[in-house]
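Colleague:
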Amino acid sequence: MKEDGRWTRDALLAHIRQELMAPVTAIVGYCEILCDEAPGRDLQVISDLGRIHASAQLLYELSDRLLDPEASVALLEGTELASAQSTIRHDLRTPLNAIKGYSEMLIEDASDSALLADLSKLLDETTLLLNRLEAIVDFTRTESAPFGSMPEADASTMVAHLESVIRPLSESIRRKALPGYVLVVDDNESNRDLLARRLNKEGHRVEVARDGFEALSSLERTPFDLLLLDLMMPGLSGIEVLARLKARPDLAGIPVIMVSALHEMDMVVRCIEAGADDYLPKPVHPTLLSVRVDALLERKQARDRERLYLQQIEEEKRTSERLLLNILPEQIIKRMSDGELQIADRFEDVTILFSDVVGFTVLSSTISAQVLVDALNRLFSAFDEATKRFGIEKIKTIGDSYMAAAGLPEPRSDHAEASVRLAQALMAATREVRRESGHDFHIRIGLHSGPVVAGVIGAHKFAYDVWGDTVNVASRMESHGIPGRIHMSSETARRLGEGFRVESRGRINIKGKGEAETFLLAEGA
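Residue numbers (our numbering): 1399 to 1923.
#1: Decide if ALA1645 is buried, meaning its Cβ has at least 16 other Cβ atoms within 10 Å, or exposed.
#2: Which residue from VAL1871, GLY1897 and GLN1740 puts its Cα closest to that of GLY1912?
#3: Which value, in whole angstroms, describes the spacing of the CA atoms of GLY1499 and ASP1462?
#4: With a Cβ-Cβ cutoff of 8 Å, do ALA1613 and VAL1583 count as a contact?
#5: According to the neighbour-count rule (16 or more other Cβ atoms, all chains shown, within 10 Å of its Cβ), is SER1766 buried or exposed?
#6: Under a three-way DSSP split, which group does HIS1451 fall into?
#7: Consult DSSP for ASP1664 and reduce its assignment to one of helix, strand or coil.
#8: Return the bridge partner residues of PHE1917 from the DSSP annotation.
#9: Are GLY1844 and SER1873 closer than 8 Å when you measure CB to CB?
#10: Between the Cα of LEU1521 and the Cα atoms of ALA1424, LYS1599 and LEU1660, which residue gives the shortest distance?
#11: ILE1841 bridges to which residues according to DSSP?
#12: Whole angstroms are fine: how far does the CA of ILE1731 sit from the CA of ASN1598?
#13: Looking at the structure shown, is SER1542 part of a helix, part of a strand, or coil, going by DSSP?
#14: Cutting at 8 Å between CB atoms, please list the residues of its own chain near ALA1672, excluding the five before and the five after it.
#15: On the DSSP bridge assignment, give the partners of ALA1823 in chain order.
#16: To the nearest angstrom, how far is it from the Cα of PHE1788 to the Cα of MET1801?
#17: Give the straight-line distance between the Cα atoms of ARG1596 and VAL1666, rounded to the nearest whole angstrom.
#18: How long is the line joining the alpha carbons of SER1817 and ARG1905, rounded to whole angstroms?
#19: List the whole-angstrom C-beta distance separating LEU1517 from LEU1527, where the pair is believed to meet the contact cut-off of C-beta under 8 Å.
#20: Can you name the residues that DSSP bridges to LYS1794?
#21: According to DSSP, simplified to helix, strand and coil, what is PHE1860?
#22: Would you call GLY1856 buried or exposed, if buried means 16 or more other Cβ atoms sit within 10 Å of its Cβ?
#23: Does the segment 1709-1717 touch the segment 1831-1849, meaning 3 or more C-beta pairs lie closer than 8 Å?
#24: Give me the residue from CYS1433, ALA1780 and PRO1421 with the minimum Cα distance to THR1525.
#25: Does the segment 1790-1805 come into contact with the segment 1740-1750, if we say contact requires no fewer than three beta-carbon pairs (one atom in each stretch) closer than 8 Å?
#26: If we count the other Cβ atoms within 10 Å of its Cβ and call it buried at 16 or more, is LYS1794 buried or exposed?
#27: Please name the residue in ALA1650, ARG1883, LEU1919 and PRO1809 whose C-alpha comes closest to that of ARG1842.
#28: From what residue to what residue does the alpha helix (DSSP H) around VAL1691 run?
#29: For LEU1432, collect the residues of the same chain with a Cβ closer than 8 Å to its Cβ; drop the 5 residues on either side in sequence, then sort them by chain order.
#30: Based on DSSP bridge pairs, tell me the residues matched to ARG1833.
#31: Pick out whichever of TRP1865, HIS1858, GLU1618 and MET1630 has its Cα sitting closest to the Cα of VAL1851.
#32: Which value, in whole angstroms, describes the spacing of the CA atoms of TRP1915 and PHE1898?
#33: GLU1541 to PRO1681, Cα distance in whole Å?
#34: Going by DSSP, name the residue or residues bridged to VAL1850.
#35: In the DSSP assignment, find the alpha helix (DSSP H) that holds ASP1867 and state where it starts and stops.
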């Protein structure tokens, strides 16, 4: 751990680097903008802008060297301080004076308002830097240091604040990701070994690969959490490996840190554009490696948790939809999901089917509840399969009664014929359950066709139901029917095609409707 005096000095240097590099960076930025917009201008203007840009680049390089942490410390601790400061003062003023001089000449002759505005900003930044030059060079002098003009209490507070910023976090405060599975790819054995050992020390599980091909092979068979990828390798370069990785949807989510001895910004930008998550220069600083790896692993672990939660939510949604499909038609569910608050429709031509177990009340008193419910469940489960097979909507069951409707919620022209086929299937299912259970099950079925109103009712327990005189008549067809036979109204009978044979039952008295001719599906039809 550094002594408190060292931390204070580093805090001062950090403040100087931050405050005094700002105008240098601004000068370079304005120069680049002016050069980008130079084509098409007067040749002399272009030439002068080129000289300004060259001076700005020189200024940046000199300032960067001066404010390099190691160079700053050397100046603070060296014996040749006065000589070094004199040289630096001269070297910095040379490009600054060139920038200032050419800018002033261009401003005098400028007629373009955009050019004039940028040149004025450039000149302002240059003047600002000239005024700060003594602070850059003489940062060991109290009166020229960045806190020299502050009251002592304020300066102490500022130093304390900067120290708190630059001191590394203690292990108890620093956030650490869970250990991850890391692949280190480098053609240099020493580099591979150093990175692997440092990561192992942090608790991570590590595998290594000697080149890009070996890395891709490892990625195919192993679910790594992070990839440390060397940029310059024989065979496949790091950029090529990265491109192949990001082209694979199943591998693209693996975080990648590019590692290289090349420090050029263009190369860093290229790696980030290709999909890299971070970039580390060689030699890799152990602490920087640790925090970068932890940050990316924490991000990936958060993404993995989010993906798992989304999968769970999607599965729960599918489960809810499956349960809802047992209650409501699929088309109705979609309309409700789309925000339709009230579902109510009129259908001009549908067929309603009612089925009822004959003598169910008497039967329920002769067998146990478990046996009764089991038999009824088997019967209605077979009925449900049949309605699904024929594309007919089950409406509800009431006790031992079963109700279905054909021609809604999607209209269909063959609703009467489909309902008769369903009725035949229900009769066959009843015979099968009767044979398997040994109980004397018989059902009556009634059919009627006509207009109805259908919709969803209920707030906590939804129900898709059907109303209208057609429903009432269909119920009467069932209650006035014959066990084991399919009874229908004339409205249903006349909608059947030639493939169905019906027998007139004559005119019978229908409760609430009076006399009406009804029909039975011919046996064996």
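We put the beta carbon where it would ideally sit given N, CA and C, even for glycine.
These numbers come from a predicted model, not from an experiment.
Modeller: To lay it out plainly:
#1: exposed
#2: VAL1871
#3: 23 Å
#4: yes
#5: exposed
#6: helix
#7: helix
#8: MET1886 and SER1902
#9: yes
#10: ALA1424
#11: VAL1755
#12: 53 Å
#13: Because SER1542 carries a pLDDT of 45, less than 50, the predicted location of this residue cannot be relied on, and the following value inherits that uncertainty. In the structure shown, SER1542 sits in coil (DSSP, three-state: anything other than H, G, I, E or B).
#14: ILE1637, LEU1640, ALA1641 and LYS1644
#15: The partner list for ALA1823 (beta bridge, DSSP) is empty, contrary to what the question assumes.
#16: 14 Å
#17: 23 Å
#18: 23 Å
#19: About 16 Å; that fails the 8 Å criterion.
#20: MET1801
#21: coil
#22: exposed
#23: no
#24: PRO1421
#25: yes
#26: exposed
#27: ARG1883
#28: 1684-1723
#29: LEU1447, ILE1450, HIS1451, LEU1513, ASP1516, LEU1517 and LEU1520
#30: Partner(s): none; ARG1833 has no beta bridge.
#31: TRP1865
#32: Reading off the sequence shown, one finds Glu at residue 1915, where the question assumed Trp. C-alpha separation (whole angstroms): 18 Å.
#33: Annotation note: pLDDT 44 at GLU1541 (below 50); position unreliable, no value reported.
#34: PHE1745
#35: 1867-1877
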